[in-house]
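Under this note's numbering, the first residue of the sequence shown is numbered 5, with each subsequent residue one higher. Idealized CB from N, CA, C, for every residue including glycine. As the structure is a prediction and not an experimental result, all values here were calculated from the model.
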Amino acid sequence: MSEELLNHKHIEQNGDIIEMHIWKVPGSNHHKHIKDRIIPYEFVDEWKLAEDFADDVDKIKRGVIK
């Protein structure tokens with residue numbers, strides 16, 4: 005059974021909405037969703053996950069990830 009471990013929503017001053025959801029899904033490989041894509045992800049720990057998430061958000065803002 006799936007379990008949501010974290011749900012965080014932040015609204016930037018310009019109105020952009022940034023949401024981070026962490027789920028525990030038995031039988032599912034680690035992955036991340038960026039826009040409409042599912043990308044394999046090598047999970048290390050919660051701290052690295054949050055750091056990688058912030059990096060991905062920054063890349064999206066700069067247009068590196070489209």
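For the alpha helix (DSSP H) that contains residue i, what are its first and last residues?
| i | result |
| --- | --- |
| Ile26 | Note, Ile26: premise wrong, no alpha helix (DSSP H); beta strand (DSSP E) at Ile21 to Lys28. |
| Ile64 | Glu50 to Arg66 |
I'd like the list of long-range same chain contacts for residue i, defined as Cβ closer than 6 Å, with 5 residues on each side in sequence excluded.
| i | result |
| --- | --- |
| Glu50 | none |
| Pro44 | His35 |
| Ile26 | Leu9 and Leu10 |
Consult DSSP for residue i and reduce its assignment to one of helix, strand or coil.
| i | result |
| --- | --- |
| Ile15 | strand |
| Ile38 | strand |
Between residue i and the rest of its own chain, which residues show a CB-CB distance below 7 Å, the 5 nearest in sequence each way excluded?
| i | result |
| --- | --- |
| Ile69 | Ile38, Asp60 and Lys63 |
| Ile42 | His35 |
Quick test of your reading: residue i and residue j, contact by CB under 8 Å. State the CB separation rounded to the nearest angstrom.
| i | j | result |
| --- | --- | --- |
| Lys28 | Ile21 | Actually they are not in contact, since the Cβ atoms of Lys28 and Ile21 sit about 24 Å apart, beyond 8 Å. |
Residue i bridges to which residues according to DSSP?
| i | result |
| --- | --- |
| Glu8 | Trp27 |
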